[in-house]
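A.B. asks:
Below is the structure:
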C-alpha cells in the first residue's frame, strides 16, 4: 500500500506572518471591527435593491446608522450623507494609523481616487 502523502492545508483566511507580532494596533483593530459590525448586511442591501421605490429603500435604512431625516429624501441628500460618512471614516483611519509614512500613502491614494484616477492594471 503506498504511503499517504501529508498535504499542507492552506488557510485562505489569514495571511502568512511577516516579521514578529506587532501589538501596537490592538486598539485600532478593535475600533475597525466595531465599525465593521455597523455596516449594512448583504441582506439589507438586497432588500434595498429589491424595494419597489426609492422611499421604501430609504425606509429600510431607518433602523440603521444611515437613517435619513424625515425631510426631503432625494438622491442628492443620500449622496451627500454617504460622502460625509466616507470622509469621516477616512479621517478616522488616518488617525488610527501609527506610522506616518503609511498615513501619507493612504492620503495620496485618497487624493488619486477622489480625482478620478484609475489604475490600468498591475
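Residue numbers (the UniProt record's numbering): 1 to 122. Just so it is clear, CB atoms sit at the ideal spot from N, CA and C, and this is done for glycine as well. The structure displayed is predicted, hence computed values, not measured ones.
Classify residue 66 as helix, strand or coil using the three-state DSSP reduction.
C.D. replies: To locate residue 66, count along the chain shown from 1; it is residue 66. In this structure, residue 66 counts as coil in the three-state DSSP scheme.
A.B. asks: For my contact list, residue 33 and residue 98 are in at a C-beta cut-off of 8 angstroms; report their separation, rounded to the angstrom.
C.D. replies: For the purposes of this step, residue 33 is identified with residue 33 of the chain shown, where counting begins at 1. For the purposes of this step, residue 98 is identified with residue 98 of the chain shown, where counting begins at 1. So it is not a contact: roughly 17 angstroms between Cβ atoms.
A.B. asks: Going by the beta-carbon positions, is the gap between residue 92 and residue 38 smaller than 9 angstroms?
C.D. replies: Translated into positions along the chain shown, residue 92 becomes position 92. Translated into positions along the chain shown, residue 38 becomes position 38. No, Cβ-Cβ distance for residue 92 and residue 38 is not below 9 angstroms.
A.B. asks: Given this structure, state the Cα-to-Cα distance separating residue 40 from residue 108, to the nearest angstrom.
C.D. replies: Taking the chain shown and counting its residues from 1, the one referred to as residue 40 is at position 40. Taking the chain shown and counting its residues from 1, the one referred to as residue 108 is at position 108. So the two alpha carbons sit approximately 28 angstroms from each other.
A.B. asks: When DSSP labels each residue in this structure, what does residue 94 get in the three-state scheme?
C.D. replies: Numbered from its first residue, the chain shown carries residue 94 at position 94. Helix at residue 94.
A.B. asks: Which stretch, first to last residue, makes up the alpha helix (DSSP H) that contains residue 61?
C.D. replies: Here residue 61 refers to the residue found at position 61 of the chain shown. It is not in any alpha helix (DSSP H) - residue 61 carries neither H nor E in the DSSP assignment.
A.B. asks: Between the alpha carbons of residue 90 and residue 59, how many angstroms are there, rounded?
C.D. replies: Taking the chain shown and counting its residues from 1, the one referred to as residue 90 is at position 90. Taking the chain shown and counting its residues from 1, the one referred to as residue 59 is at position 59. Distance between the alpha carbons of residue 90 and residue 59 is about 27 angstroms.
A.B. asks: Skipping 5 residues on each side, what residues in its chain have a beta carbon closer than 8 angstroms to that of residue 78?
C.D. replies: Taking the first residue of the chain shown as 1, we reach residue 78 at position 78. If we look at residue 78 and ignore the five residues flanking it on each side, its Cβ neighbours are 58 and 68.
A.B. asks: Which one of 50, 52 and 86 has the shortest CA to CA distance from residue 66?
C.D. replies: In the chain shown, residue 66 corresponds to position 66, counting from 1. Measuring from the Cα of residue 66, the nearest candidate turns out to be 86.
A.B. asks: Under 7 angstroms Cβ to Cβ from residue 47, same chain only, skipping five residues before and after it: list those, please.
C.D. replies: Locating residue 47 in the chain shown gives position 47, counting from the first residue. So the list reads 60, once near-sequence residues are dropped.
A.B. asks: Short of 6 angstroms in beta carbon distance, which residues of its chain neighbour residue 18, apart from the five on each side in sequence? Order them along the chain.
C.D. replies: Locating residue 18 in the chain shown gives position 18, where the first residue counts as 1. Hits under 6 angstroms: none found.
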